[in-house]
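Numbering that gives the first Met the number 0 puts the first residue of the sequence shown at 0, with every later residue one more than the last.
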Amino acid sequence: MNPAKLIAGLARHLPENVTVYHQTPALAMRQENGGVRVTTLQGTIRADQAMLATNALSRELSPTVSRQASMATYASITAPLTPEQRQRLPAMESWGLTPVNAIAGATLRYTHDHRFLVRQHVDPALRGVITAGQTASAARQHLALFHAAYPQLQDVPLERTWSGTISVTRNGAPVWGRLAPQIWTAGGCNGAGVSKQTIAGTLLADLAMGQDNPLIAAMQSLGQANVMPPSPFLDIGVAGALWKERYVGRKEMPA
C-alpha cells in the first residue's frame with residue numbers, strides 16, 4: 000500500500016458535505032459559546048464539535064492528550080525486478096514477513112509487481128519532525144539489509160524511501176473518546192494505524208453522534224493510555240525504551 004496515494008484517494012472521494020483544507024495547520028483550539036474554535040494561519044473555523052485525528056501531535060492543541068509519543072518509522076521499495084533478475088530467485092508469488100519485535104527486526108515483502116519492500120528502524124520524533132538526513136540514513140540501512148539478504152541482487156536499486164510518524168503509548172492502550180464536552184479524539188495507534196484507526200474513528204463518530212453501536216463498549220474495554228512525563232524525562236524514557244527493545248530483540252536485528 001502506498002500511504003500517500005491512500006490519503007490523496009480518500010481526500011478525492013469524500014462526500015460533498017466535507018471540505019478539505021490543504022496546507023492549513025491548526026495553531027490553536029478552544030471551546031467557546033458551546034462550540035469549538037480552531038485558529039489557522041488562513042483564518043478561523045467554528046464548529047459544534049471537533050475531532051482530533053493527529054495522534055501524538057494532538058498534544059500541541061490539547062495538553063490533555065499527553066498520553067502518547069511520536070516515533071519516526073521508515074520504509075523503502077525497490078525498482079521492479081527485470082525478468083533476468085527474477086531468474087536469479089526461486090519461483091515465488093507475493094509474500095510478507097513481519098518481525099516479532101518491530102523495533103529491532105525488519106519487515107520484508109515481495110509484491111505482486113516484483114518489488115521488495117523493506118521496513119526497518121525507529122527513531123524518536125517527539126516533536127513530529129523527521130529530517131531528510133534521517134530518511135536518507137534509513138534508506139542506506141534498508142539497501143544494505145536488502146543486499147545482505149539477497150546478495151545475488153546487488154544491481155537492484157531502491158526506487159523510493161519514505162518516512163512518517165506513528166503514535167505509541169506506555170501501556171499499549173489507545174487515547175480514545177471525549178476530551179471535553181465538544182472535543183473528541185482517536186489516537187494511540189501504536190503502529191497499526193490503517194486498520195485500528197479506521198475502526199476507532201468510525202466508533203468515535205458513532206459515540207459523538209449518540210449512535211448505538213455494540214462495538215463502542217469493546218473499544219472502551221481497551222482502557223486508556225497511561226500519562227507520559229514531560230520532556231526531558233520523556234526523551235530519556237523513550238531512548239531507554241528503544242534501547243531495551245533493541246537489546247531484547249537483538250537476535251532479530253539484521254547483521
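A virtual CB, placed ideally from N, CA and C, is assigned to each residue, including glycine.
- Here the alpha carbons of threonine 18 and leucine 40 stand approximately 17 Å from one another.
- Counting only runs of 3 or more residues that sit fully inside the region 13–84, the beta strand (DSSP E) segments are 25–31, 34–39, 43–46, 49–51, 68–77, in chain order.
- For the 9 Å CB-CB criterion, isoleucine 215 and glutamine 48 do not form a contact.
- Inter-segment contact for the region 186–201 and the region 166–173 is present: three or more beta-carbon pairs are separated by less than 8 Å.
- By DSSP's assignment, threonine 184 forms a beta bridge with Leu51, Gly176.
- For leucine 152, the closest alpha carbon among the candidates Pro89, Ala240, Ala27, Val247 is that of Pro89.
- For glutamine 22, the closest C-alpha among the options His12, Arg29, Gly42 is that of Gly42.
- Under the DSSP assignment, valine 247 falls in the alpha helix (DSSP H) whose first and last residues are 232–247.
- With a cutoff of 9 Å on beta-carbon distance, alanine 55 and serine 166 are scored as near each other.
- Only buried fits alanine 199, as 16 or more other CB atoms lie within 10 angstroms of its CB.
- The beta carbons of valine 155 and leucine 80 sit closer together than 9 Å.
- Residue environment analysis places methionine 0 among the exposed positions, since fewer than 16 neighbouring C-beta atoms fall within 10 angstroms of its C-beta.
- Under the DSSP definition of a beta bridge, phenylalanine 115 partners with Tyr109.
- CA-CA distance, glutamate 83 to histidine 113, rounds to 12 Å.
- Assigned with DSSP and collapsed to three states, isoleucine 6 falls in helix.
- Secondary structure of serine 220 (DSSP, three-state): coil.
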